[in-house]
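Position 190 (the sequence shown) corresponds to 189 in numbering that gives the first Met the number 0; numbering is contiguous.
Below you'll find the structure, written out as C-alpha coordinates, and then a few comments.
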Amino acid sequence: MMGRAGRPQFDDSAVAVIYVQDSKKTFYKKFLYEPFPVESSLLPVLPNHVNAEISAGTIDSKQGIVEYLSGTYLYRRFFANPNYYGLEEDTEEAMLKFITNIVDGSVKELLTSECIHVNDENDVIKPTAFGRIASVYYLQHETIRFLVKDLHSACTVENMLKILTDVPEYAEIPVRHNEDLINTELQRKLRIRFSTAVMGTSAAKAHLLFQAHFMRTVLPTDYRTDLKSVLDQCIRILQAMREMARFKNWLAATMNIVLLQQMCHSARWHDDHPLLCLPHLSYEDARAIGEQMSIPQLQDYLEVEKAASFEDPKLVKRAMKLLREKTTLDDLQCKEVLKAVCNWPIVSLKTLQLLDEKGNSVSVRDEQEIQVTAGEVYKLRVVMERSGPAKNNSSMYLPQWAKSKQAGWIILVGDTSSDRILNTTSVVGSHSTRTTAKLDVRMPSARGKCRLSIFVLSDCYLGIDQEYTLHLDVC
(Lines of atoms letter the chains of each structure in order from A; the text may use other names.)
(Lines give C-alpha, C1' and ligand atoms only; values in the text may rest on other atoms or scores of the structure.)
Protein backbone atom coordinates (compact mmCIF):
# COMPACT_ATOMS: atom_id res chain seq x y z
CA MET A 0 0.00 0.00 0.00
CA MET A 1 2.83 2.36 0.80
CA GLY A 2 4.26 1.73 -2.64
CA ARG A 3 1.08 3.13 -4.21
CA ALA A 4 1.40 6.51 -2.46
CA GLY A 5 2.31 9.35 -4.84
CA ARG A 6 2.33 9.60 -8.60
CA PRO A 7 5.21 7.77 -10.35
CA GLN A 8 7.87 10.10 -11.88
CA PHE A 9 5.89 13.15 -10.73
CA ASP A 10 5.74 13.49 -6.93
CA ASP A 11 8.93 13.90 -4.89
CA SER A 12 7.22 12.85 -1.67
CA ALA A 13 4.00 11.28 -0.46
CA VAL A 14 2.21 10.33 2.73
CA ALA A 15 0.87 6.86 3.51
CA VAL A 16 -1.46 6.48 6.50
CA ILE A 17 -1.92 2.95 7.81
CA TYR A 18 -4.74 2.34 10.31
CA VAL A 19 -4.14 -0.66 12.55
CA GLN A 20 -5.46 -2.05 15.80
CA ASP A 21 -3.73 -0.38 18.75
CA SER A 22 -2.40 -3.69 20.08
CA LYS A 23 -0.66 -4.36 16.74
CA LYS A 24 0.91 -0.92 16.30
CA THR A 25 4.31 -1.98 17.67
CA PHE A 26 4.38 -5.05 15.44
CA TYR A 27 3.66 -3.03 12.29
CA LYS A 28 6.25 -0.37 13.18
CA LYS A 29 8.85 -3.09 13.61
CA PHE A 30 7.71 -4.73 10.36
CA LEU A 31 8.04 -1.44 8.43
CA TYR A 32 11.25 -0.03 9.87
CA GLU A 33 13.37 -3.13 10.46
CA PRO A 34 14.75 -5.27 7.62
CA PHE A 35 12.88 -8.50 7.01
CA PRO A 36 15.18 -11.55 7.21
CA VAL A 37 15.97 -13.24 3.90
CA GLU A 38 15.76 -17.02 4.12
CA SER A 39 17.71 -19.52 2.03
CA SER A 40 16.09 -21.38 -0.87
CA LEU A 41 18.93 -23.90 -1.16
CA LEU A 42 17.37 -26.79 0.76
CA PRO A 43 14.85 -28.01 -1.91
CA VAL A 44 17.54 -27.98 -4.65
CA LEU A 45 20.52 -29.07 -2.55
CA PRO A 46 20.97 -32.42 -4.40
CA ASN A 47 21.53 -30.53 -7.68
CA HIS A 48 24.26 -28.36 -6.12
CA VAL A 49 25.86 -31.38 -4.47
CA ASN A 50 25.87 -33.22 -7.80
CA ALA A 51 27.64 -30.28 -9.47
CA GLU A 52 30.32 -30.26 -6.76
CA ILE A 53 30.79 -34.04 -6.99
CA SER A 54 31.13 -33.78 -10.78
CA ALA A 55 33.71 -31.00 -10.34
CA GLY A 56 35.66 -33.20 -7.91
CA THR A 57 35.37 -30.86 -4.90
CA ILE A 58 33.19 -33.34 -2.95
CA ASP A 59 33.95 -37.05 -2.69
CA SER A 60 32.31 -38.10 0.60
CA LYS A 61 29.40 -37.36 2.92
CA GLN A 62 31.78 -35.44 5.16
CA GLY A 63 32.62 -33.30 2.13
CA ILE A 64 28.92 -32.49 1.72
CA VAL A 65 28.74 -31.43 5.39
CA GLU A 66 31.78 -29.16 4.90
CA TYR A 67 30.23 -27.71 1.75
CA LEU A 68 26.97 -27.11 3.61
CA SER A 69 28.79 -25.35 6.47
CA GLY A 70 29.94 -22.64 4.06
CA THR A 71 26.47 -21.77 2.80
CA TYR A 72 23.97 -19.12 3.85
CA LEU A 73 21.53 -21.95 4.54
CA TYR A 74 23.78 -23.22 7.35
CA ARG A 75 23.75 -19.82 9.05
CA ARG A 76 19.98 -19.54 8.82
CA PHE A 77 19.60 -22.98 10.43
CA PHE A 78 20.78 -21.41 13.71
CA ALA A 79 19.03 -18.06 13.26
CA ASN A 80 15.58 -19.42 12.34
CA PRO A 81 15.48 -23.21 12.89
CA ASN A 82 11.67 -23.50 12.83
CA TYR A 83 11.53 -22.15 9.27
CA TYR A 84 13.55 -25.15 8.04
CA GLY A 85 11.67 -27.76 10.03
CA LEU A 86 13.94 -28.20 13.06
CA GLU A 87 11.84 -29.24 16.03
CA GLU A 88 14.48 -28.48 18.68
CA ASP A 89 17.13 -25.80 18.85
CA THR A 90 19.85 -28.04 20.31
CA GLU A 91 23.24 -29.14 19.02
CA GLU A 92 22.13 -32.78 18.94
CA ALA A 93 18.96 -31.98 16.97
CA MET A 94 20.96 -29.80 14.55
CA LEU A 95 23.52 -32.57 13.94
CA LYS A 96 20.76 -35.10 13.32
CA PHE A 97 18.98 -32.69 10.96
CA ILE A 98 22.13 -32.04 8.89
CA THR A 99 22.89 -35.78 8.75
CA ASN A 100 19.39 -36.44 7.42
CA ILE A 101 19.81 -33.70 4.80
CA VAL A 102 23.11 -35.17 3.61
CA ASP A 103 21.78 -38.74 3.56
CA GLY A 104 18.67 -37.57 1.70
CA SER A 105 20.72 -35.77 -0.96
CA VAL A 106 22.93 -38.82 -1.51
CA LYS A 107 19.88 -41.10 -1.71
CA GLU A 108 18.21 -38.82 -4.28
CA LEU A 109 21.33 -38.71 -6.47
CA LEU A 110 21.75 -42.49 -6.24
CA THR A 111 18.14 -42.98 -7.34
CA SER A 112 18.76 -40.63 -10.28
CA GLU A 113 21.93 -42.60 -11.21
CA CYS A 114 24.01 -39.44 -10.94
CA ILE A 115 26.55 -40.79 -8.43
CA HIS A 116 28.17 -44.03 -7.33
CA VAL A 117 29.06 -44.73 -3.68
CA ASN A 118 31.82 -47.21 -2.89
CA ASP A 119 30.46 -49.63 -0.28
CA GLU A 120 33.90 -50.23 1.26
CA ASN A 121 35.16 -46.68 1.87
CA ASP A 122 32.03 -44.56 1.16
CA VAL A 123 33.86 -42.59 -1.55
CA ILE A 124 31.38 -40.80 -3.84
CA LYS A 125 32.12 -40.63 -7.56
CA PRO A 126 30.09 -39.01 -10.36
CA THR A 127 28.56 -41.17 -13.08
CA ALA A 128 28.40 -40.19 -16.75
CA PHE A 129 24.78 -39.13 -16.20
CA GLY A 130 25.75 -37.00 -13.20
CA ARG A 131 28.35 -35.17 -15.29
CA ILE A 132 25.76 -34.60 -18.03
CA ALA A 133 23.39 -33.05 -15.47
CA SER A 134 26.19 -30.79 -14.24
CA VAL A 135 27.42 -29.70 -17.69
CA TYR A 136 23.94 -28.91 -19.02
CA TYR A 137 22.54 -27.49 -15.75
CA LEU A 138 19.79 -30.09 -15.48
CA GLN A 139 17.90 -31.16 -12.38
CA HIS A 140 18.80 -34.64 -11.19
CA GLU A 141 15.09 -35.51 -11.51
CA THR A 142 15.39 -34.81 -15.25
CA ILE A 143 18.21 -37.34 -15.54
CA ARG A 144 16.10 -39.85 -13.59
CA PHE A 145 13.21 -39.27 -16.00
CA LEU A 146 15.41 -39.58 -19.11
CA VAL A 147 17.06 -42.78 -17.86
CA LYS A 148 13.60 -44.30 -17.49
CA ASP A 149 11.92 -43.01 -20.66
CA LEU A 150 14.68 -42.61 -23.26
CA HIS A 151 15.24 -45.78 -25.31
CA SER A 152 16.77 -46.86 -28.60
CA ALA A 153 13.49 -47.17 -30.53
CA CYS A 154 12.29 -43.60 -29.85
CA THR A 155 10.97 -41.80 -32.93
CA VAL A 156 11.19 -38.02 -33.41
CA GLU A 157 7.63 -37.72 -32.08
CA ASN A 158 8.59 -39.81 -29.02
CA MET A 159 11.60 -37.55 -28.46
CA LEU A 160 9.38 -34.47 -28.57
CA LYS A 161 7.05 -35.99 -25.96
CA ILE A 162 10.03 -36.85 -23.72
CA LEU A 163 11.45 -33.34 -24.17
CA THR A 164 8.23 -31.63 -23.07
CA ASP A 165 7.70 -33.99 -20.11
CA VAL A 166 11.02 -33.16 -18.40
CA PRO A 167 10.81 -31.38 -15.00
CA GLU A 168 12.47 -28.28 -16.51
CA TYR A 169 9.16 -27.46 -18.21
CA ALA A 170 7.02 -28.07 -15.11
CA GLU A 171 7.06 -24.34 -14.34
CA ILE A 172 5.61 -23.21 -17.68
CA PRO A 173 2.61 -21.15 -16.51
CA VAL A 174 -0.91 -22.28 -17.37
CA ARG A 175 -3.02 -19.20 -16.71
CA HIS A 176 -6.73 -18.87 -16.07
CA ASN A 177 -8.79 -20.34 -18.94
CA GLU A 178 -5.65 -21.33 -20.88
CA ASP A 179 -6.81 -24.94 -20.82
CA LEU A 180 -9.62 -23.79 -23.13
CA ILE A 181 -7.16 -21.90 -25.35
CA ASN A 182 -4.94 -25.01 -25.47
CA THR A 183 -7.91 -27.14 -26.55
CA GLU A 184 -8.69 -24.65 -29.33
CA LEU A 185 -5.02 -24.39 -30.36
CA GLN A 186 -4.46 -28.13 -30.72
CA ARG A 187 -7.17 -28.33 -33.40
CA LYS A 188 -4.72 -26.55 -35.71
CA LEU A 189 -1.82 -28.85 -34.83
CA ARG A 190 -0.62 -32.30 -35.82
CA ILE A 191 -0.50 -34.19 -32.52
CA ARG A 192 -3.47 -34.00 -30.15
CA PHE A 193 -3.98 -34.81 -26.48
CA SER A 194 -6.89 -35.64 -24.21
CA THR A 195 -8.83 -32.62 -22.98
CA ALA A 196 -8.10 -33.78 -19.42
CA VAL A 197 -4.39 -32.80 -19.70
CA MET A 198 -4.92 -29.40 -21.37
CA GLY A 199 -4.29 -27.66 -18.06
CA THR A 200 -0.81 -29.16 -17.55
CA SER A 201 2.52 -27.48 -18.24
CA ALA A 202 3.79 -30.49 -20.23
CA ALA A 203 0.83 -30.40 -22.63
CA LYS A 204 1.20 -26.65 -23.10
CA ALA A 205 4.94 -26.99 -23.81
CA HIS A 206 4.18 -29.69 -26.39
CA LEU A 207 1.58 -27.48 -28.09
CA LEU A 208 4.02 -24.56 -28.13
CA PHE A 209 6.66 -26.68 -29.88
CA GLN A 210 4.11 -27.88 -32.43
CA ALA A 211 2.96 -24.30 -33.06
CA HIS A 212 6.61 -23.33 -33.55
CA PHE A 213 7.12 -26.12 -36.10
CA MET A 214 3.99 -25.04 -37.99
CA ARG A 215 4.71 -21.30 -37.58
CA THR A 216 1.25 -20.78 -36.12
CA VAL A 217 0.29 -17.27 -34.99
CA LEU A 218 0.04 -17.25 -31.17
CA PRO A 219 -1.44 -14.86 -28.57
CA THR A 220 1.02 -12.46 -26.89
CA ASP A 221 1.35 -14.47 -23.64
CA TYR A 222 1.94 -17.64 -25.62
CA ARG A 223 4.72 -15.99 -27.63
CA THR A 224 6.44 -15.11 -24.35
CA ASP A 225 6.02 -18.70 -23.13
CA LEU A 226 7.35 -20.05 -26.45
CA LYS A 227 10.50 -17.95 -26.07
CA SER A 228 11.00 -19.40 -22.59
CA VAL A 229 10.48 -22.95 -23.91
CA LEU A 230 12.91 -22.50 -26.81
CA ASP A 231 15.55 -20.90 -24.58
CA GLN A 232 15.84 -24.15 -22.61
CA CYS A 233 15.32 -26.79 -25.28
CA ILE A 234 18.81 -26.94 -26.84
CA ARG A 235 20.68 -27.76 -23.63
CA ILE A 236 18.08 -30.42 -22.78
CA LEU A 237 18.37 -31.93 -26.27
CA GLN A 238 22.17 -31.88 -26.03
CA ALA A 239 21.93 -33.77 -22.74
CA MET A 240 19.53 -36.27 -24.33
CA ARG A 241 22.00 -36.72 -27.20
CA GLU A 242 24.87 -37.31 -24.76
CA MET A 243 22.82 -39.95 -22.94
CA ALA A 244 21.89 -41.71 -26.20
CA ARG A 245 25.55 -41.53 -27.25
CA PHE A 246 26.59 -43.07 -23.92
CA LYS A 247 24.22 -45.96 -24.65
CA ASN A 248 25.62 -46.17 -28.23
CA TRP A 249 22.15 -45.79 -29.79
CA LEU A 250 22.63 -44.64 -33.39
CA ALA A 251 19.02 -44.11 -34.55
CA ALA A 252 17.96 -42.44 -31.29
CA THR A 253 20.93 -40.04 -31.44
CA MET A 254 20.09 -39.09 -35.02
CA ASN A 255 16.44 -38.50 -34.10
CA ILE A 256 17.50 -36.16 -31.29
CA VAL A 257 19.68 -34.21 -33.75
CA LEU A 258 16.71 -34.08 -36.13
CA LEU A 259 14.52 -32.65 -33.36
CA GLN A 260 17.21 -30.07 -32.63
CA GLN A 261 17.19 -29.07 -36.32
CA MET A 262 13.39 -28.75 -36.16
CA CYS A 263 13.64 -26.39 -33.19
CA HIS A 264 16.11 -24.13 -35.00
CA SER A 265 14.37 -24.27 -38.38
CA ALA A 266 10.79 -24.05 -37.06
CA ARG A 267 9.54 -26.84 -39.32
CA TRP A 268 8.54 -30.49 -39.02
CA HIS A 269 11.18 -32.87 -40.33
CA ASP A 270 8.80 -34.28 -42.96
CA ASP A 271 7.53 -30.92 -44.26
CA HIS A 272 8.42 -29.95 -47.82
CA PRO A 273 12.15 -29.04 -47.61
CA LEU A 274 11.66 -25.63 -49.27
CA LEU A 275 9.25 -24.51 -46.53
CA CYS A 276 12.31 -23.67 -44.40
CA LEU A 277 12.82 -20.70 -46.74
CA PRO A 278 10.99 -17.43 -45.96
CA HIS A 279 7.60 -16.53 -47.47
CA LEU A 280 7.09 -19.79 -49.41
CA SER A 281 3.70 -21.45 -48.98
CA TYR A 282 3.14 -25.17 -49.47
CA GLU A 283 1.71 -24.49 -52.95
CA ASP A 284 4.74 -22.35 -53.88
CA ALA A 285 7.16 -25.04 -52.70
CA ARG A 286 5.36 -27.76 -54.68
CA ALA A 287 5.30 -25.55 -57.78
CA ILE A 288 9.10 -25.12 -57.63
CA GLY A 289 9.62 -28.86 -57.23
CA GLU A 290 7.51 -31.66 -55.74
CA GLN A 291 10.40 -33.07 -53.72
CA MET A 292 13.08 -30.44 -54.36
CA SER A 293 15.42 -29.82 -51.44
CA ILE A 294 17.37 -26.65 -50.74
CA PRO A 295 20.69 -28.21 -51.92
CA GLN A 296 18.95 -29.22 -55.17
CA LEU A 297 17.60 -25.68 -55.58
CA GLN A 298 21.12 -24.35 -55.00
CA ASP A 299 22.42 -26.68 -57.73
CA TYR A 300 19.66 -25.61 -60.12
CA LEU A 301 20.44 -21.91 -59.56
CA GLU A 302 24.21 -22.60 -59.64
CA VAL A 303 24.66 -20.77 -56.33
CA GLU A 304 28.04 -22.43 -55.75
CA LYS A 305 29.52 -20.63 -58.78
CA ALA A 306 28.28 -17.19 -57.73
CA ALA A 307 30.81 -14.78 -56.26
CA SER A 308 28.21 -12.87 -54.24
CA PHE A 309 24.50 -12.63 -53.45
CA GLU A 310 24.14 -9.95 -56.13
CA ASP A 311 25.74 -11.90 -58.97
CA PRO A 312 23.69 -10.77 -62.04
CA LYS A 313 23.38 -14.25 -63.55
CA LEU A 314 22.29 -15.75 -60.22
CA VAL A 315 19.73 -13.00 -59.58
CA LYS A 316 18.34 -13.36 -63.12
CA ARG A 317 17.94 -17.16 -62.83
CA ALA A 318 16.39 -16.97 -59.37
CA MET A 319 13.95 -14.15 -60.15
CA LYS A 320 12.83 -15.90 -63.33
CA LEU A 321 12.14 -19.16 -61.47
CA LEU A 322 10.37 -17.55 -58.51
CA ARG A 323 8.24 -15.23 -60.65
CA GLU A 324 7.10 -18.13 -62.83
CA LYS A 325 6.48 -20.67 -60.07
CA THR A 326 5.36 -18.68 -57.02
CA THR A 327 2.99 -15.90 -55.97
CA LEU A 328 5.73 -13.85 -54.28
CA ASP A 329 6.48 -10.22 -55.06
CA ASP A 330 9.99 -9.06 -56.04
CA LEU A 331 11.02 -8.10 -52.50
CA GLN A 332 9.98 -11.50 -51.15
CA CYS A 333 11.78 -13.22 -54.05
CA LYS A 334 15.00 -11.40 -53.12
CA GLU A 335 14.64 -12.51 -49.49
CA VAL A 336 14.19 -16.12 -50.63
CA LEU A 337 17.32 -15.81 -52.79
CA LYS A 338 19.26 -14.35 -49.86
CA ALA A 339 18.26 -17.32 -47.70
CA VAL A 340 19.23 -19.81 -50.44
CA CYS A 341 22.64 -18.14 -50.76
CA ASN A 342 23.20 -18.17 -46.98
CA TRP A 343 22.29 -21.86 -46.66
CA PRO A 344 25.56 -23.80 -46.19
CA ILE A 345 27.02 -25.65 -49.18
CA VAL A 346 29.36 -28.25 -47.69
CA SER A 347 31.26 -31.06 -49.37
CA LEU A 348 33.70 -33.66 -48.08
CA LYS A 349 37.12 -33.01 -49.58
CA THR A 350 39.05 -35.67 -47.68
CA LEU A 351 38.06 -38.91 -45.98
CA GLN A 352 41.02 -40.90 -44.70
CA LEU A 353 41.67 -43.86 -42.41
CA LEU A 354 44.97 -43.89 -40.53
CA ASP A 355 46.21 -46.99 -38.68
CA GLU A 356 48.33 -47.03 -35.52
CA LYS A 357 51.54 -46.83 -37.59
CA GLY A 358 50.39 -43.69 -39.37
CA ASN A 359 49.67 -45.36 -42.71
CA SER A 360 46.74 -43.64 -44.42
CA VAL A 361 44.16 -44.85 -46.91
CA SER A 362 41.91 -42.41 -48.77
CA VAL A 363 38.29 -43.51 -48.90
CA ARG A 364 36.69 -43.41 -52.33
CA ASP A 365 33.21 -44.37 -53.50
CA GLU A 366 32.58 -48.13 -53.33
CA GLN A 367 36.29 -48.77 -52.68
CA GLU A 368 36.87 -51.69 -50.30
CA ILE A 369 39.43 -51.04 -47.57
CA GLN A 370 41.30 -53.80 -45.77
CA VAL A 371 41.50 -53.28 -42.01
CA THR A 372 42.64 -55.29 -38.99
CA ALA A 373 39.94 -56.70 -36.70
CA GLY A 374 39.64 -54.89 -33.37
CA GLU A 375 42.29 -52.29 -34.18
CA VAL A 376 41.67 -48.59 -33.57
CA TYR A 377 41.95 -46.42 -36.69
CA LYS A 378 41.84 -42.65 -36.86
CA LEU A 379 39.26 -41.27 -39.27
CA ARG A 380 40.17 -37.89 -40.75
CA VAL A 381 37.35 -35.83 -42.24
CA VAL A 382 37.95 -32.56 -44.10
CA MET A 383 34.87 -30.50 -44.98
CA GLU A 384 34.85 -27.46 -47.25
CA ARG A 385 32.25 -24.71 -47.59
CA SER A 386 31.61 -23.02 -50.91
CA GLY A 387 29.25 -20.46 -52.41
CA PRO A 388 28.70 -16.77 -51.62
CA ALA A 389 28.51 -17.39 -47.85
CA LYS A 390 31.54 -19.69 -47.64
CA ASN A 391 33.33 -17.39 -45.15
CA ASN A 392 30.27 -16.88 -42.97
CA SER A 393 29.31 -19.68 -40.58
CA SER A 394 26.60 -17.72 -38.75
CA MET A 395 23.26 -19.51 -38.73
CA TYR A 396 20.70 -17.95 -41.09
CA LEU A 397 17.39 -18.97 -39.56
CA PRO A 398 15.16 -15.94 -38.81
CA GLN A 399 12.69 -18.04 -36.79
CA TRP A 400 15.41 -18.61 -34.16
CA ALA A 401 15.89 -15.42 -32.16
CA LYS A 402 19.44 -16.01 -30.89
CA SER A 403 22.57 -15.76 -33.02
CA LYS A 404 24.59 -18.96 -33.39
CA GLN A 405 27.51 -20.41 -35.31
CA ALA A 406 26.23 -23.27 -37.47
CA GLY A 407 28.07 -26.44 -36.50
CA TRP A 408 28.22 -30.08 -37.57
CA ILE A 409 27.88 -33.40 -35.78
CA ILE A 410 29.85 -36.30 -37.27
CA LEU A 411 28.67 -39.81 -36.38
CA VAL A 412 30.36 -43.07 -37.27
CA GLY A 413 28.12 -46.07 -36.76
CA ASP A 414 26.90 -49.46 -37.82
CA THR A 415 23.32 -49.18 -39.06
CA SER A 416 22.84 -52.96 -39.06
CA SER A 417 23.31 -53.13 -35.28
CA ASP A 418 22.13 -49.55 -34.53
CA ARG A 419 25.41 -48.85 -32.77
CA ILE A 420 27.55 -45.70 -32.60
CA LEU A 421 31.30 -46.23 -32.84
CA ASN A 422 32.25 -42.61 -32.23
CA THR A 423 31.01 -39.06 -32.65
CA THR A 424 32.39 -35.54 -32.56
CA SER A 425 31.12 -32.00 -33.01
CA VAL A 426 32.60 -29.35 -35.29
CA VAL A 427 31.99 -25.71 -34.44
CA GLY A 428 31.55 -23.25 -37.31
CA SER A 429 34.39 -20.84 -38.10
CA HIS A 430 35.33 -18.23 -40.71
CA SER A 431 37.68 -20.69 -42.40
CA THR A 432 36.24 -22.42 -45.47
CA ARG A 433 37.86 -25.73 -44.46
CA THR A 434 37.20 -27.68 -41.28
CA THR A 435 38.99 -30.83 -40.13
CA ALA A 436 37.70 -33.43 -37.69
CA LYS A 437 39.40 -36.57 -36.37
CA LEU A 438 37.75 -39.55 -34.69
CA ASP A 439 39.10 -42.81 -33.27
CA VAL A 440 37.15 -45.76 -34.67
CA ARG A 441 37.59 -49.31 -33.42
CA MET A 442 37.10 -51.81 -36.21
CA PRO A 443 34.66 -54.74 -35.78
CA SER A 444 36.09 -57.85 -34.13
CA ALA A 445 34.24 -60.20 -36.51
CA ARG A 446 36.20 -60.94 -39.67
CA GLY A 447 34.63 -60.54 -43.10
CA LYS A 448 33.10 -57.82 -45.21
CA CYS A 449 31.04 -55.10 -43.53
CA ARG A 450 29.91 -51.52 -43.91
CA LEU A 451 30.18 -48.57 -41.59
CA SER A 452 28.28 -45.34 -42.13
CA ILE A 453 29.59 -41.80 -41.66
CA PHE A 454 26.89 -39.21 -41.04
CA VAL A 455 27.60 -35.49 -41.33
CA LEU A 456 24.65 -33.81 -39.61
CA SER A 457 23.91 -30.10 -39.27
CA ASP A 458 23.17 -29.02 -35.71
CA CYS A 459 20.57 -26.48 -36.88
CA TYR A 460 19.57 -26.79 -40.57
CA LEU A 461 17.03 -29.29 -41.87
CA GLY A 462 17.60 -31.16 -45.11
CA ILE A 463 21.37 -30.81 -45.64
CA ASP A 464 22.63 -33.91 -43.82
CA GLN A 465 25.04 -36.20 -45.67
CA GLU A 466 25.88 -39.91 -45.43
CA TYR A 467 28.97 -41.78 -46.62
CA THR A 468 29.74 -45.50 -46.52
CA LEU A 469 32.97 -47.24 -45.57
CA HIS A 470 33.27 -50.61 -47.34
CA LEU A 471 35.54 -52.70 -45.12
CA ASP A 472 37.23 -56.06 -45.45
CA VAL A 473 38.04 -57.00 -41.85
CA CYS A 474 40.88 -59.51 -41.54
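Beta carbons: idealized from backbone N, C-alpha and C, even for Gly.
So, with DSSP's three-state summary, where would you put residue i?
i, result
"Y377", "strand"
"T423", "strand"
"Q291", "coil"
"C449", "strand"
"F454", "strand"
"Q352", "strand"
"L280", "coil"
"Y222", "helix"
"A307", "coil"
"D330", "helix"
"A525", "No answer is possible for residue 525: the residues shown for the chain start at 0 and end at 474."
"P173", "coil"
"L467", "According to the sequence provided, residue 467 is Tyr. The question's Leu does not apply to it. DSSP places Y467 in strand when its eight states are reduced to three."
"V473", "strand"
"R215", "coil"
"P388", "coil"
"L31", "helix"
"L138", "coil"
Alpha carbon to alpha carbon, what distance is there between residue j and residue i?
i, j, result
"S281", "C459", "21 Å"
"K305", "E384", "14 Å"
"M159", "R267", "15 Å"
"Q139", "R433", "38 Å"
"L328", "L397", "19 Å"
"T350", "L469", "13 Å"
"S393", "T183", "40 Å"
"L274", "F35", "59 Å"
"S39", "R76", "7 Å"
"R245", "V44", "28 Å"
"A93", "Y137", "33 Å"
To which residues of the same chain is residue i closer than 6 Å at the C-beta, ignoring the five residues directly before and after it?
i, result
"Q465", "V455"
"V19", "Y27"
"F318", "Reading off the sequence shown, one finds Ala at residue 318, where the question assumed Phe. The answer, listed in chain order, is L301, L337."
"V229", "A205, L208"
"E141", "P167"
Can you give the beta carbon distance from residue i to residue j, rounded, assuming they're within the 8 Å contact cut?
i, j, result
"S360", "L354", "5 Å"
"V166", "I236", "6 Å"
"K315", "Y377", "Here residue 315 turns out to be Val, not Lys, going by the sequence shown. Not a contact, Cβ separation roughly 47 Å."
"S201", "Y169", "6 Å"
"L109", "P46", "5 Å"
"L250", "D418", "5 Å"
Go ahead and label residue i buried or exposed: buried means 16 or more other beta carbons lie within 10 angstroms of its beta carbon, across all protein chains shown.
i, result
"E66", "exposed"
"N50", "buried"
"A489", "This structure cannot settle anything about residue 489, because the visible part of the chain is limited to 0 through 474."
"Q238", "buried"
Quick one: what's got a C-beta closer than 7 Å to residue i's C-beta in the same chain, skipping five residues either side?
i, result
"Q186", "R192, F193, L207"
Spatial neighbours of residue i within its chain, please: C-beta separation below 8 Å, excluding the five flanking residues on both sides.
i, result
"V156", "N255, L258, L259, M262, H269"
"M240", "L146, L150, M159, I162, L163, I256"
"L42", "L73, Y84, I101"
"V426", "M383, G407, W408, I409, I410, T434, A436"
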